[in-house]
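Here the structure comes first, spelled out in structure tokens, and everything after it is commentary.
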Amino acid sequence: MKQPIQVERPVPIIDAARCTDCGLCVRVCSTQALMLKDGLAVVANSETCAYTGDCERICPEHAISRLFQIISSPNEETK
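Take any residue in the sequence shown, count from 1 to its spot, add 8: that is its number in the working numbering.
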């Protein structure tokens, strides 16, 4: 019997050089995964991040990006 594949969830990546501390991403985050710290947005609680992309879309400086998460079916075999 195959064991389920353990996958870490990706979190948004925040480019500190582009972040202007506007706080829009923090306000739009419905799970409160982001916060402002020392003048920058940071992922404060990665476990609650729902990975909706709202923070990425609202950022006027394009300082937030998300990695793609590729998941294969546990029943899928590599050929």
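Beta carbons are placed, not taken as given, at the ideal position from N, Cα and C, and that holds for glycine.
Alpha carbon to alpha carbon, how far is residue i from residue j?
i	j	result
S73	L44	17 Å
A52	L42	5 Å
P18	A24	18 Å
E69	T28	8 Å
C63	G47	17 Å
I66	C33	6 Å
Using the rule of at least 16 other Cβ atoms within 10 Å of the residue's Cβ for burial, across every protein chain shown, is residue i buried or exposed?
i	result
I21	exposed
A49	buried
Which whole-angstrom value describes the C-beta separation of residue i and residue j, a residue pair presumed to lie in contact below a C-beta threshold of 8 Å?
i	j	result
A71	R35	Incorrect: roughly 15 Å between the Cβ atoms, too far for contact.
Q40	T56	6 Å
Which whole runs of the beta strand (DSSP E) in the stretch 33-61 are 3 residues long or more, in chain order?
-> 42-45, 48-51
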